[in-house]
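Beneath this line is the structure, given in structure tokens, with notes to follow.
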Amino acid sequence: MQQHDIQSFLERFFIATHCHILERSDGHIRVQLTAEMDKQLMNRPFYWHYMERIGAIGEPLQLSLITKPSATKEGEYIHFGSPRLHQIFSIAKMNGRFIRLYEQVSERSVALHPWLHTNILLSYECDRKQDRLLSLGIHLISGSIVESFYNVLKEKQWGVTVPDYCFTISPLIKPLSGLGRLEAFVERLIASETHHWADEARARWKEELALLKHFYEGIEEKQEEYENEKEALRQRYEPKIHMSVINGGLFYLQAK
Amino acid sequence: MNVTMHWERSWKNEFATRIERDGPWSNWELYELALEATKALTIPQFDGLQAPKHLPHITILPHQYDVARQVVEQMNGKAILADEVGLGKTIEAGLILKEYMIRGLVKKALILVPASLVSQWVQELNEKFFIPAVAQKKSYVWEQCDVVVSSIDTAKKQPHRDIIYSQSYDIVIIDEAHKLKNNKTKNYEFVQGLKKKFCLLLTATPIQNRIEEIFHLVSLLKPGHLGNAEQFQKRYGKLRTLHDDVHLKELIRKVMIRHRRHDTGIEWTKRHVETIFIDFSEAERNVYEKIRQLKSPLLDTSLSHMTLLREICSSKEALFCTLKNMLERQPHIEATIGALLQTMNDIAEHTKAKKALELIQTINDKVIVFTEYRATQLYLQWFFKQHGISSVPFRGGFKRSKKDWMKELFQHRAQVLIATEAGGEGINLQFCNHVINYDLPWNPMRLEQRIGRVHRLGQTKDVHIYNFVVRNTVEEHIFTLLYEKIRLFERVVGELDDILMKLQSPAFSSHLERMIAQSKSEGELKIKMQNFVEIFTNMEDSAHAAT
Numbered sequence: 001m002q003q004h005d006i007q008s009f010l011e012r013f014f015i016a017t018h019c020h021i022l023e024r025s026d027g028h029i030r031v032q033l034t035a036e037m038d039k040q041l042m043n044r045p046f047y048w049h050y051m052e053r054i055g056a057i058g059e060p061l062q063l064s065l066i067t068k069p070s071a072t073k074e075g076e077y078i079h080f081g082s083p084r085l086h087q088i089f090s091i092a093k094m095n096g097r098f099i100r101l102y103e104q105v106s107e108r109s110v111a112l113h114p115w116l117h118t119n120i121l122l123s124y125e126c127d128r129k130q131d132r133l134l135s136l137g138i139h140l141i142s143g144s145i146v147e148s149f150y151n152v153l154k155e156k157q158w159g160v161t162v163p164d165y166c167f168t169i170s171p172l173i174k175p176l177s178g179l180g181r182l183e184a185f186v187e188r189l190i191a192s193e194t195h196h197w198a199d200e201a202r203a204r205w206k207e208e209l210a211l212l213k214h215f216y217e218g219i220e221e222k223q224e225e226y227e228n229e230k231e232a233l234r235q236r237y238e239p240k241i242h243m244s245v246i247n248g249g250l251f252y253l254q255a256k
Numbered sequence: 001m002n003v004t005m006h007w008e009r010s011w012k013n014e015f016a017t018r019i020e021r022d023g024p025w026s027n028w029e030l031y032e033l034a035l036e037a038t039k040a041l042t043i044p045q046f047d048g049l050q051a052p053k054h055l056p057h058i059t060i061l062p063h064q065y066d067v068a069r070q071v072v073e074q075m076n077g078k079a080i081l082a083d084e085v086g087l088g089k090t091i092e093a094g095l096i097l098k099e100y101m102i103r104g105l106v107k108k109a110l111i112l113v114p115a116s117l118v119s120q121w122v123q124e125l126n127e128k129f130f131i132p133a134v135a136q137k138k139s140y141v142w143e144q145c146d147v148v149v150s151s152i153d154t155a156k157k158q159p160h161r162d163i164i165y166s167q168s169y170d171i172v173i174i175d176e177a178h179k180l181k182n183n184k185t186k187n188y189e190f191v192q193g194l195k196k197k198f199c200l201l202l203t204a205t206p207i208q209n210r211i212e213e214i215f216h217l218v219s220l221l222k223p224g225h226l227g228n229a230e231q232f233q234k235r236y237g238k239l240r241t242l243h244d245d246v247h248l249k250e251l252i253r254k255v256m257i258r259h260r261r262h263d264t265g266i267e268w269t270k271r272h273v274e275t276i277f278i279d280f281s282e283a284e285r286n287v288y289e290k291i292r293q294l295k296s297p298l299l300d301t302s303l304s305h306m307t308l309l310r311e312i313c314s315s316k317e318a319l320f321c322t323l324k325n326m327l328e329r330q331p332h333i334e335a336t337i338g339a340l341l342q343t344m345n346d347i348a349e350h351t352k353a354k355k356a357l358e359l360i361q362t363i364n365d366k367v368i369v370f371t372e373y374r375a376t377q378l379y380l381q382w383f384f385k386q387h388g389i390s391s392v393p394f395r396g397g398f399k400r401s402k403k404d405w406m407k408e409l410f411q412h413r414a415q416v417l418i419a420t421e422a423g424g425e426g427i428n429l430q431f432c433n434h435v436i437n438y439d440l441p442w443n444p445m446r447l448e449q450r451i452g453r454v455h456r457l458g459q460t461k462d463v464h465i466y467n468f469v470v471r472n473t474v475e476e477h478i479f480t481l482l483y484e485k486i487r488l489f490e491r492v493v494g495e496l497d498d499i500l501m502k503l504q505s506p507a508f509s510s511h512l513e514r515m516i517a518q519s520k521s522e523g524e525l526k527i528k529m530q531n532f533v534e535i536f537t538n539m540e541d542s543a544h545a546a547t
């Protein structure tokens, strides 16, 4: 994410969270927070607690953010590493986890088919780490699975209700079973691939374990220390893949 | 397959509830933003560093970047960071810590540093690296905070020790790690018992006196890398053949990274090292000879001729303190001591002090004077003042705030800073470029640390080092010994920047080399040195007598 992407991310974020953008220029943005965003961003729980206790309406703060060091306005400088941006990232992730949307079609009497979409993060971990994102959709009627499904979704218009004169088809596969099928799909995908990184990590592990054994050989009184070191090696080198759903939900869309 | 897989299922459970309750549902824009935020934070590859793009406000120097990258990619997160003093080891450690935290491989970190540096580390990690590090002040901090900075001395004490031992750390970072060179100390044992996945040891001087030190340091980091203690002693204890040196150096290179100033690609100012030989006045020589002739039974077992001889080379004030203590412990030697004190009265001024004064006057700029003795420090302060030169004292024991204050005074008010504690850890004096080593420590690495206070990033002028040596005294022998230790360091670790003048050809180097290699402790080495000095001076005497 480059510096200019940050500005547009922030603007979209505050609009999506219903905050009012008071001022915007190249490299600067000033926002009137909603009460909800103030609670999530400004870290003043005592204020809100107090206002609620006395039955008063709290006054949300404004936030002035700078995304270009050259900007002449006053405000908090936001760059890729700044804690504020990471806080906003995690709020976005938190608030965008579950969804249900209907495709907005202009024709009448269109049947909308149920799909389950998930963005899945795979983390390949040993003493090093690499991530991979999958975007999978499953058709909850036929069970067919589509990769990079997000690319299909982002081309369409969405609404929170079924468009007039259209109807939805009920899933034959329950959403949770659909998720189970996607999980199995991911596991098969991983199993079908070669994992040199894991072999290499195990080789490093084996090599260090041999050195460790040798070092503690014949020192009875250091048994506990040896076990600690051995466990630390396992934690460091054992190759594993963590899999988690970032966000997902139900999408009803027109059959092609 | 060679990999274990693990599903994190919190999303699934929550999703089930939302379906049941028919919401609440997010909107498309937030759904997209959540994905974009995730994308921005994903680690695209095993290789390379993510941290720099999180830290646009820090200038990361090329050698610092290389260190971080090498530690993560090739050393699997266990390394001794041994750059020369002043190249920014703290930045390197911060960069590595940040990288692991971004990658999610480190959550819990323990950072052990000298007590005087705790707040500085906390501040740098928070402000420069946005790492929420906390100084350990209350015992709940160990468990409730993820990144904790503390001194070893605090950490090893109860109740802290037990709490720390019950935790499993993702990374342990130890600053000034050369203090862990001895495996018999409580500090060493404490660190050995920590549960740690990754580990960084920071020291500019991984070997100070003996080859075993590197063995202990490496064994703390990666037990077995240099074999076990017995094998190491057998193979390298004497370090005779070149072949072994090369092999050992290579092994060490796998766990240690060292940059020298000129490796960094930065324009460094030059270092001029000069030895200044001083001849004792008659009065000083008399005292020196008197001490030499003292009968050994007079001396405490803890003391040696060597100590007293070194002290008189520094100042009679330094000697006086020791003599006074001796007298308190063994009143029966009053007569001998008394006679000695009488002789000392004849010393009106120290030749060395006069030389220092002369030099300071010629330099006519800021000068740091290092001495081994507090009494000498006070004497010099008084002596310089008599001649209209203002100075401030500096000791390792000063609190951080006092150190900063003294630095302030030195920078703006005084011409001279007189320091006893070579480490002067964490104080940077780049605005000064003259260092006088008024007397020499046993340990060349302390000289390196001293010089590092001024010859570091930010120094704009050439740095001048003056090493004082009193001719025909124990100082000349210390001088030679320093050369030998420098050689040991260079054989095992690598080249060292000049801290002594380039050597011509020392007369007794091979003898000394054997002595250092075969001594098992500092004590033993001292005794051997003492004998050696006596034999040597006797030889000199008889040579004089013969002529």
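Going down the list, the protein sequences come from chains P and U. If you're matching positions, the first sequence starts at 1 in UniProt numbering and goes up one per residue. If you're matching positions, the second sequence starts at 1 in UniProt numbering and goes up one per residue. Cβ atoms here follow ideal geometry from the backbone N, Cα and C, with glycine treated the same way. Note that this is a predicted model, so its numbers are computed, not measured.
Where does serine 391/U fall in DSSP's three states? strand
Alpha carbon to alpha carbon, how far is arginine 18/U from tyrosine 31/U? 16 Å
Start and end residues, alpha helix (DSSP H) containing phenylalanine 489/U: 474-492
When Val106/U, Gln74/U, Val72/U and His63/U are compared against lysine 89/U, the one with the closest alpha-carbon: His63/U
Chain U residues whose Cβ lies nearer than 8 Å to that of alanine 71/P: Under the 8 Å cutoff, chain U gives no residues; its nearest Cβ is about 15 Å from alanine 71/P.
Which term fits proline 223/U, buried or exposed, when burial requires 16 or more other beta carbons within 10 angstroms of its beta carbon? buried
Under 7 Å Cβ-Cβ, which residues of chain U neighbour alanine 203/P? Within chain U, no residue comes near alanine 203/P; the closest Cβ sits about 11 Å away, beyond 7 Å.
Interface residues of chain U facing isoleucine 99/P [CB-CB closer than 7 Å]: Trp25, Ser26 and Tyr31
Proximity to arginine 253/U [Cα-Cα], best of Ile80/U, Asp47/U and Phe489/U: Ile80/U
Amino acids of chain P, ordered along the chain, whose beta-carbon sits closer than 7 Å to that of residue 548/U: In this structure chain U extends from 1 to 547, so residue 548/U is not present and cannot be described.
In this structure, how does DSSP classify arginine 18/U when only helix, strand and coil are distinguished? helix
Which chain U residues are close to proline 83/P, counting only those with a beta carbon under 7 Å from its beta carbon? Phe130
Three-state secondary structure (DSSP) at cysteine 19/P? coil
Should threonine 322/U be flagged as near chain P, meaning a C-beta pair shorter than 9 Å? no
For the segment 140-169 of chain P, list every residue whose C-beta sits within 8 Å of some C-beta in chain U, in sequence order. Tyr150, Lys154, Trp158 and Val160
How is the alpha helix (DSSP H) around glycine 397/U delimited, first residue to last? Looking at the DSSP string, glycine 397/U is not in any alpha helix (DSSP H), and its letter there is neither H nor E.
Check the Cβ of arginine 210/U against every Cβ in chain P and list those closer than 8 Å, keeping chain order. None at all; the shortest Cβ gap to chain P is about 20 Å.
Is the Cβ of aspartate 127/P closer than 9 Å to any Cβ of chain U? yes
How many angstroms separate the CA atom of glycine 248/P from the CA atom of isoleucine 99/P? 6 Å
Can you give the Cα-Cα distance for lysine 156/U and glycine 193/U, rounded to whole angstroms? 10 Å
Please decide whether arginine 103/U counts as near chain P, where near means a Cβ-Cβ distance under 9 Å. yes
Cross-chain neighbours of asparagine 228/P in chain U, by beta carbon under 7 Å: Lys195
Specify the secondary structure class of asparagine 286/U as computed by DSSP and reduced to three states. helix
Taking the straight line between their C-alpha atoms, what separation do you get for residue 312/P and isoleucine 66/P? Here chain P has residues from 1 to 256 only, and residue 312/P is not among them.
Would you say valine 246/U lies against chain P (beta-carbon separation less than 9 Å)? no
Taking only three categories from DSSP, how would you classify valine 3/U? coil
Please decide whether valine 147/U counts as near chain P, where near means a Cβ-Cβ distance under 9 Å. no
Residues near phenylalanine 384/U by beta carbon distance below 7 Å, same chain, minus five either side: Leu357, Ser391 and Val416
Limits of the beta strand (DSSP E) - the one that tryptophan 115/P falls within: 111-125
In chain order, what residues of the segment 227-247 of chain P put their CB closer than 9 Å to some CB of chain U? Asn228, Glu229, Glu231, Ala232, Leu233, Gln235, Arg236, Tyr237, Glu238, Pro239, Lys240, Ile241, His242, Met243, Ser244, Val245, Ile246 and Asn247
Once DSSP output is grouped into helix, strand and coil, what is the label at lysine 222/U? coil
By the three-class DSSP mapping on this structure, what secondary structure does tyrosine 466/U have? strand
When the Cα atoms are used, what is the spatial distance from glutamate 73/U to isoleucine 43/U? 14 Å
Three-state secondary structure assigned by DSSP to methionine 344/U: helix
Would you say glutamine 144/U lies against chain P (beta-carbon separation less than 9 Å)? no
Within the UniProt domain "Helicase ATP-binding" (70-224) of chain U, ranges of the alpha helix (DSSP H) (whole runs, at least 4 residues): 89-102, 118-129, 141-144, 152-155, 160-165, 186-192 and 212-221
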